[in-house]
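Each step along the sequence shown adds one to the number in the numbering used here, with nothing skipped, and position 258 is 258.
One structure is given below, encoded as structure tokens.
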Amino acid sequence: MGNRNITTFILAGGKGERLYPLTRDRTKPAVPFGGIYRIIDFPLSNAINSGLRKIYIFTQYKSLSLHRHIREGWNIFSRELGEFIDLVPAQQRIGEEWYQGTADSVFQNINILEDEKPELILILSGDQVYKMDYRRIIEAHIEKKADLTISVFEVPLKEAHRFGVLRIEDDRVVEFKEKPSEPMPDPSNPEVALISMGIYVFSLDVLIKRVIEDAKKIDSSHDFGKDIIPSMIGRDNVYAFRFIDENKKETKYWRDIGTIDAYWEANMDLVNVDPLLNLYDRDWPIRTFQEQYPPAKTVFSGEDRRASVTDSMVSSGCIISGSKVLHSVLSTNVKVHSYAEVVDSIIFENVDIGRYAKIRR
């Protein structure tokens, strides 16, 4: 990747309606995850670990919680060295509308691109859980002299209708359909489809040209998946980058946290004996903001009541008092009182679980 001038945009303005009530008071990227994290910590940590230091986060919907989290936990850069994480709320810079879609959020902040003139722009979704070295997709983009490179992931064909689906030939994207009723199977494996992860590398001139062009279309939804990418197929150099483990030749871990069920499943992935998403990898740390709490502890070990914690993640400040916690994720400062049971559950911070309570899923 060298010293190329790269700017990162993280799109973090989504309502997350299918995650309600978790998004009742916060935007989707600010939803807690894995006990101590917020969902946005994953793309942010990936960017930092990939050596990217110029990051803009576009926000809109119920953004106070997200702004506070970034301000308190991610103030780690030196502006003097040209490093920053800037929050960019919808501000009606162009016209009187708020962000109308993912592409419109870029269009309304096109001044950033025109002023800074980065060579490449990495565009990320703020509501996905995964670990990825973005340098590899950037290198692939440069090597192929692409105008746009899309990170793609294999999913079972029956699940592909929820995503943008691609057909590729020699890594070139030749067809793209957003949330099709009948997804196209991958020719190499008819039981799966290739879907867009919502991770894009754009060359500057092409991105500016396409979002301006799209902004003029009255019938456009101003979305990358629905409008921008389909319009580029056949006239721009659009390539796919497969998100796979090169050694094992299999897909890596990636979860789009779009529904309550998907959110629960992704959290449960963390407490498996061999978790698919390893949060204990010191070579690729996931950073976050943490308030100061004392260590978690368990109390009581008598015959009639005994604290038991198995296959679980228990955050700082938690007290497990003569109770049972199994295959669960507990955020900070949770109290589980005697004879209570918490099984297959996600407990947010500051929850007090009374005696004899039974919580399951």
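Even for Gly, the Cβ is constructed at its ideal location relative to N, Cα and C.
Because the structure is a prediction, the values reported are computed rather than measured.
Of all the options Ser323, Phe348, Glu97, which has the alpha carbon lying nearest to the alpha carbon of Tyr356? The count along the sequence shown starts at 1 and reaches residue 356 at position 356. Of the listed residues, the one whose Cα sits closest to Tyr356 is Ser323.
Thinking C-alpha only, which one of Arg53, Leu194, Asp25, Ser65 is nearest Ile362? No answer is possible for residue 362: the residues shown for the chain start at 1 and end at 361.
Using only CA atoms, which one of Gly302, Pro285, Asp256, Trp264 lies nearest to Asp376? Shown here, the chain extends from 1 to 361; a query on residue 376 therefore has no answer.
For Asn3, which of helix, strand or coil comes out of DSSP? The residue given as residue 3 occupies position 3 in the sequence shown. Annotation note: pLDDT 46 at Asn3 (below 50); position unreliable, no value reported.
For Asp274, the three-state DSSP class (helix, strand or coil): Position 274 of the sequence shown holds residue 274. Looking at Asp274 - three-state DSSP - the assignment turns out to be coil, as it is neither helix nor strand.
Could you give the DSSP three-state label for Trp254: helix, strand or coil? If you number the sequence shown from 1, residue 254 lands on position 254. It is a strand residue.
Ile150: which of Tyr339, Pro187, Ile229 sits nearest, CA to CA? Locating residue 150 in the sequence shown gives position 150, where the first residue counts as 1. For Ile150, the nearest C-alpha among the options comes from Ile229.
When His327, Gly101, Gly35, Glu159 are compared against Ser181, the one with the closest alpha-carbon: The residue you call residue 181 lines up with position 181 of the sequence shown. The shortest C-alpha separation from Ser181 is found at Glu159.
Curious, which full-length alpha helix (DSSP H) runs of at least 4 residues does the stretch 101–150 contain? 102–107, 110–116, 134–143
Helix or strand or just coil, what does DSSP make of Ile36? Here residue 36 refers to the residue found at position 36 of the sequence shown. Note: Ile36 maps to coil in three-state DSSP.
Assuming Gly35 and Val329 form a contact by the criterion Cβ under 8 angstroms, report the distance between their Cβ atoms to the nearest whole angstrom. In the sequence shown, the residue the question calls residue 35 occupies position 35. In the sequence shown, the residue the question calls residue 329 occupies position 329. At roughly 5 angstroms, the Cβ-Cβ gap stays under 8 angstroms, so Gly35 and Val329 are in contact.
Leaving out five residues on either side along the sequence, give the residues of the same chain with a beta carbon under 6 angstroms from the beta carbon of Val106. In the sequence shown, the residue the question calls residue 106 occupies position 106. So the qualifying residues of the chain are Val211.
What did DSSP end up calling Gly164 once you bin it into helix, strand or coil? As a position in the sequence shown, residue 164 is number 164, starting the count at 1. The answer is strand: DSSP assigns Gly164 an E or B state.
Excluding the five sequence neighbours on either side, which residues of its own chain have a C-beta within less than 6 angstroms of the C-beta of Ala67, listed in chain order? Within the sequence shown, the letter at position 67 stands for residue 67. Sequence inspection shows His at residue 67; the Ala mentioned does not correspond to that position. The residues are Leu87.
Give me, in chain order, the residues of the same chain whose beta-carbon lies closer than 6 angstroms to that of Ile123; leave out the 5 immediate sequence neighbours on both sides. If you number the sequence shown from 1, residue 123 lands on position 123. Around Ile123: Phe9, Tyr200.
Contacts around Asp245, its chain only, beta-carbon distance under 7 angstroms, and the 5 residues preceding and following it disregarded: By 1-based counting over the sequence shown, the position of residue 245 is 245. For Asp245, where only same-chain residues beyond five positions count, the Cβ hits under 7 angstroms are Lys252.
Nearest-angstrom Cβ-Cβ length linking Asp104 and Ala215, presumed shorter than 8 angstroms: Locating residue 104 in the sequence shown gives position 104, where the first residue counts as 1. Locating residue 215 in the sequence shown gives position 215, where the first residue counts as 1. About 7 angstroms separates the two Cβ atoms, so the contact holds.
Just reading off the alpha helix (DSSP H) that Val362 is part of, what are its end residues? It is not possible to answer for residue 362, since the shown part of the chain is limited to 1 through 361.
Where Pro89 sits in the DSSP three-state scheme: Taking the first residue of the sequence shown as position 1, residue 89 is located at position 89. In the structure shown, Pro89 sits in a strand (DSSP, three-state: E or B).
What residue does the alpha helix (DSSP H) around Ile76 start on, and which one ends it? Mapped onto the sequence shown, residue 76 falls at position 76. Run containing Ile76: none; DSSP gives neither H nor E here.
Quick one: what's Glu83 bridged to in DSSP? Walking along the sequence shown from the start, residue 83 turns up at place 83. Partner(s): none; Glu83 has no beta bridge.
Would you tell me roughly how many angstroms separate the C-alpha atoms of Leu207 and Trp264, rounded to the nearest one? If you number the sequence shown from 1, residue 207 lands on position 207. If you number the sequence shown from 1, residue 264 lands on position 264. Going from the Cα of Leu207 to the Cα of Trp264 covers about 36 angstroms.
With DSSP as the reference, identify every bridge partner of Glu308, one or two as the case may be. Reading the sequence shown from its first residue, position 308 is the one you call residue 308. The sequence shown places Ser at residue 308, rather than the Glu named in the question. Bridge partners of Ser308: Lys324.
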